[in-house]
Amino acid sequence: MDNDVNTEERILSELQDDIENDRLVLPTLPEVALRVRDAVEDENATAASIAEIVTTDAALSTRLLQIANSPLYRSRNPIDNIQTAIARLGNVQVRNLVSSLVMQQMFQATNDLLDARLRKLWEHSSEVAAISMVLAMQCNGLQKDQAMLAGLIHDIGALPILVRAEDIPELLDDEVLLDNVVSKLHPTLGRMILENWDFPEHLIAVAAEHENMDYSHDGAPDYVDLVLVANLQSHFGSEHPLAQQDWDSVSAFQRLGIDTEVNIVDIEDNQEHIDEFKAALA
Numbered sequence: 005m006d007n008d009v010n011t012e013e014r015i016l017s018e019l020q021d022d023i024e025n026d027r028l029v030l031p032t033l034p035e036v037a038l039r040v041r042d043a044v045e046d047e048n049a050t051a052a053s054i055a056e057i058v059t060t061d062a063a064l065s066t067r068l069l070q071i072a073n074s075p076l077y078r079s080r081n082p083i084d085n086i087q088t089a090i091a092r093l094g095n096v097q098v099r100n101l102v103s104s105l106v107m108q109q110m111f112q113a114t115n116d117l118l119d120a121r122l123r124k125l126w127e128h129s130s131e132v133a134a135i136s137m138v139l140a141m142q143c144n145g146l147q148k149d150q151a152m153l154a155g156l157i158h159d160i161g162a163l164p165i166l167v168r169a170e171d172i173p174e175l176l177d178d179e180v181l182l183d184n185v186v187s188k189l190h191p192t193l194g195r196m197i198l199e200n201w202d203f204p205e206h207l208i209a210v211a212a213e214h215e216n217m218d219y220s221h222d223g224a225p226d227y228v229d230l231v232l233v234a235n236l237q238s239h240f241g242s243e244h245p246l247a248q249q250d251w252d253s254v255s256a257f258q259r260l261g262i263d264t265e266v267n268i269v270d271i272e273d274n275q276e277h278i279d280e281f282k283a284a285l286a
């Protein structure tokens with residue numbers, strides 16, 4: 005046991021030193037997301053000009069149409085082209101959705117041993133994103149597209165650790181050790197990554213605070229509250245340490261107006277919507 009503790013402390017110390025000295029390689033946001041973000045910030049941007057960027061990526065175009073036609077965005081008439089989708093959804097929503105849909109590109113492994121781990125992380129992020137979207141529908145002031153993006157990026161800080169694990173045999177050989185290292189470092193790294201991407205402060209806070217069960221603030225619920233609750237719900241009934249959390253002690257539930265005794269039923273009532281969104285993100 006002492007050797008395990010010493011190994012964890014050593015690896016944590018090494019990684020922390022790499023973080024502080026900018027030696028840990030952080031992921032970069034895919035170019036198409038950057039181009040869409042720049043276009044949306046241009047006051048002269050049109051649905052046609054943004055569609056021209058989006059359609060350079062066929063897979064992205066298909067998935068954006070899937071989302072636009074999903075239950076949470078579906079209108080009376082089906083949307084069958086990207087320009088119509090952009091005009092219907094609006095530039096800001098499209099920017100958030102594009103950032104969400106390209107996120108999967110970063111969950112790629114060059115090592116077979118990590119491939120399953122990254123797939124599992126993406127599946128979890130997709131589930132949290134889907135639950136977050138459903139919860140946002142019930143909260144005034146919280147947007148579905150922002151909720152989706154918040155859910156997808158909440159564990160983004162795990163990526164550089166998993167990539168670095170390819171060079172640390174102890175981490176590859178010990179899943180518990182890797183879990184512990186990821187748990188302790190990913191909020192800090194998530195904050196750093198989103199700061200580098202110039203993401204808004206409310207999303208940076210999600211990456212930094214989503215596992216802080218003592219998170220509290222005055223006023224209306226925010227996206228940290230949303231993702232914190234969605235994350236707990238995603239682990240319900242599992243063997244994950246967060247599955248043991250007493251929900252009554254987490255003030256985010258109260259700010260969201262969720263009764264901890266019945267909220268699982270609420271989620272089950274929306275399971276069809278959640279499954280459809282997860283499928284669109286797969």
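Each residue of the sequence shown is one higher than the one before, counting from 5 in my numbering.
Glycine residues also receive a C-beta, built at the ideal position from the N, C-alpha and C atoms.
Query	Result
Grouping DSSP H, G and I as helix and E and B as strand, with all else coil, what is TRP201?	coil
Decide if GLU12 is buried, meaning its Cβ has at least 16 other Cβ atoms within 10 Å, or exposed.	buried
On the DSSP letters alone, give me the boundaries of the alpha helix (DSSP H) that GLN237 sits inside.	227-238
Determine the direct distance from the alpha carbon of VAL180 to that of HIS275, and round the result to whole angstroms.	The question names His, but residue 275 in the sequence shown is Gln. One C-alpha to the other measures close to 31 Å.
DSSP on ASN25, reduced to helix/strand/coil?	coil
Based on Cα-Cα distance, which residue from ALA283, VAL233 and LEU193 lies nearest to ALA212?	LEU193
ILE278: buried (16+ other C-beta within 10 angstroms of its C-beta) or exposed?	buried
Spatial neighbours of LEU207 within its chain, please: CB distance less than 8 Å, with the 5 preceding and 5 following residues excluded, ordered by chain position.	GLN150, LEU153, ALA154, ILE157, LEU198 and TYR227
With the cut-off set at 8 Å, would you say ASP229 and ALA256 are in Cβ contact?	yes
Would you kindly report the start and end of the unbroken alpha helix (DSSP H) that includes PRO164?	162-169
Under 8 Å, do LEU175 and LEU182 count as touching if we go by C-beta distance?	yes
Determine, for VAL231, whether the minimum Cβ-Cβ distance to residues of chain C falls below 8 Å.	Absence of chain C from the displayed structure is noted, only one protein chain being present.
Here's a check: name, in chain order, each residue in its chain whose Cβ is nearer than 7 Å to the Cβ of MET137, leaving out the five neighbours to either side.	LEU76, LYS148, ALA151, MET152 and PHE281
Please list, in chain order, all residues of the same chain as SER65 whose beta carbon is under 7 Å from its beta carbon, the five residues on each side excluded.	VAL58, THR59 and ILE86
Could you give the DSSP three-state label for ARG92: helix, strand or coil?	helix
Under the rule that 16 or more other beta-carbon atoms within 10 Å means buried, what is SER17, buried or exposed?	exposed
If you draw a straight line from the C-alpha of ALA51 to the C-alpha of GLN97, how long is it?	12 Å
Is ASN81 helix, strand or coil by DSSP?	coil
Buried or exposed: ASP222, going by 16 or more other Cβ atoms within 10 Å of its Cβ?	exposed
Using only CA atoms, which one of VAL44, GLY241 and THR264 lies nearest to ASP252?	THR264
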